[in-house]
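Heads up, the thing below is written out as structure tokens.
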Amino acid sequence: MQPLTERLHILDVWVDPVNMAGALERVDEFVTKGKKPHAIFAVNPEKTFSVTKDSDLYESFREAELLIPDGIGVVLAARLLHGAKLSRVPGVELMDNICSLAARKGYKVFFYGAKEEISRTSIEKLQVRYPELQIAGRANGYVKEEEMPALIKQINESQADILFLALGSPRQEKWFTTHKGSLASVKVCQGIGGTLDTIAGTVKRAPKLWCDANAEWLYRLLSEPKRIKRQKVLPVFAYQVLLAKARMMMG
Numbered sequence: 023m024q025p026l027t028e029r030l031h032i033l034d035v036w037v038d039p040v041n042m043a044g045a046l047e048r049v050d051e052f053v054t055k056g057k058k059p060h061a062i063f064a065v066n067p068e069k070t071f072s073v074t075k076d077s078d079l080y081e082s083f084r085e086a087e088l089l090i091p092d093g094i095g096v097v098l099a100a101r102l103l104h105g106a107k108l109s110r111v112p113g114v115e116l117m118d119n120i121c122s123l124a125a126r127k128g129y130k131v132f133f134y135g136a137k138e139e140i141s142r143t144s145i146e147k148l149q150v151r152y153p154e155l156q157i158a159g160r161a162n163g164y165v166k167e168e169e170m171p172a173l174i175k176q177i178n179e180s181q182a183d184i185l186f187l188a189l190g191s192p193r194q195e196k197w198f199t200t201h202k203g204s205l206a207s208v209k210v211c212q213g214i215g216g217t218l219d220t221i222a223g224t225v226k227r228a229p230k231l232w233c234d235a236n237a238e239w240l241y242r243l244l245s246e247p248k249r250i251k252r253q254k255v256l257p258v259f260a261y262q263v264l265l266a267k268a269r270m271m272m273g
């Protein structure tokens with residue numbers, strides 16, 4: 023596989039200079055040419071603070087094969103700091119596109135995470151959306167630690183090519199780091215957070231107009247005011263990016 027172009031440094035984390043088409047091309051290469059599980063994690067302004075506070079999480083992101091620009095803040099920061107013409111690659115949309123790719127190419131997928139009802143409903147809806155999709159198996163996110171060897175065995179026996187982890191961050195990234203060496207057939211592992219809730223319909227995405235305007239974060243904040251605790255880092259992120267740019271200009 024040809025390596026990605028230089029990874030972009032955004033404050034204390036990174037993002038890869040890919041668009042949706044480029045991300046899907048990488049996924050296809052990982053499956054067809056890869057010899058190990060390849061991690062896909064999402065990067066947004068919140069991650070620039072949370073990732074650096076945990077050395078294990080930081081290492082997980084540093085070693086990930088694909089870090090997608092999930093948040094508009096990261097996209098704007100990449101443009102300002104590196105002149106990179108990025109566009110958002112929302113994790114929820116990438117997962118859907120990966121399922122479409124898998125349906126066309128015959129790749130097997132496995133889902134691990136979310137509540138039992140959410141897991142079951144979302145997988146049923148995906149099967150209707152993509153009739154050719156080979157869903158090798160699923161497990162809800164309440165697997166106990168002593169049951170983990172059985173889950174790993176289930177994933178391996180399913181011969182899944184792609185594993186979706188709907189465990190939320192940082193749990194999904196840490197799970198991958200801990201268990202990646204035990205995954206026999208998996209070539210792609212994407213952390214998808216609450217994406218299955220969106221597919222199941224229990225959580226609604228912003229209308230297309232808001233997404234096209236890169237204001238999905240604002241829609242979610244207005245819909246769920248409690249998210250202000252998470253999004254209060256946005257002004258700090260913007261300030262630190264501007265400060266980094268000023269330092270670059272000063273040499």
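With the first letter of the sequence shown counted as 1, position 191 gets the number 213 in the working numbering; the numbers rise by one all the way through.
Cβ atoms here follow ideal geometry from the backbone N, Cα and C, with glycine treated the same way.
- Counting C-beta atoms within 10 angstroms of its own C-beta, Lys69 has 16 or more neighbours from the protein chains shown and is therefore classed as buried.
- Residue pairing by DSSP places Ala61 opposite Cys211 in a beta bridge.
- Contact between the segment 86 to 97 and the segment 55 to 71 is present: 3 or more CB-CB pairs across the two stretches fall below 8 Å.
- Taking C-alpha positions only, Val131 is separated from Met270 by approximately 44 Å.
- Put simply, of Ala45, Arg126, Ile140 and Arg84 the residue whose alpha carbon is nearest the alpha carbon of Pro112 is Ala45.
- Restricting attention to Leu231, Lys137, Val263 and Phe259, the CA atom closest to the CA of Asp219 is found in Lys137.
- Judged by DSSP secondary structure, Gln156 falls within the beta strand (DSSP E) whose first and last residues are Gln156 to Ala161.
- The count of Cβ pairs closer than 8 Å, one atom from the segment 48 to 60 and one from the segment 205 to 223, reaches three, so the stretches are in contact.
- Scanning its chain for C-beta atoms nearer than 7 Å, with the 5 sequence neighbours on each side dropped, one finds around Tyr80 the residues Val73 and Thr74, in chain order.
- The C-alpha of Glu28 lies about 22 Å from the C-alpha of Gly213.
- Looking at the DSSP output, Trp197 sits in no beta bridge, so it has no partner there.
- Assignment of Tyr164 by DSSP, reduced to helix, strand and coil, places it in the coil class.
- Under DSSP, Pro91 forms a beta bridge with Val65.
- Contact between Thr200 and Met117 is ruled out by a C-beta separation of about 22 Å, above the 8 Å threshold.
- Note that the C-beta distance between Ile184 and Val53 is below 8 Å.
- For Leu185, the enclosing beta strand (DSSP E) starts and ends at Ile184 to Ala188.
- Between the alpha carbons of Ala260 and Lys254 lies a distance of about 11 Å.
- For Leu116, the uninterrupted alpha helix (DSSP H) segment begins and ends at Gly113 to Lys127.
- Under the DSSP assignment, Tyr152 falls outside any alpha helix (DSSP H); it carries neither an H nor an E label.
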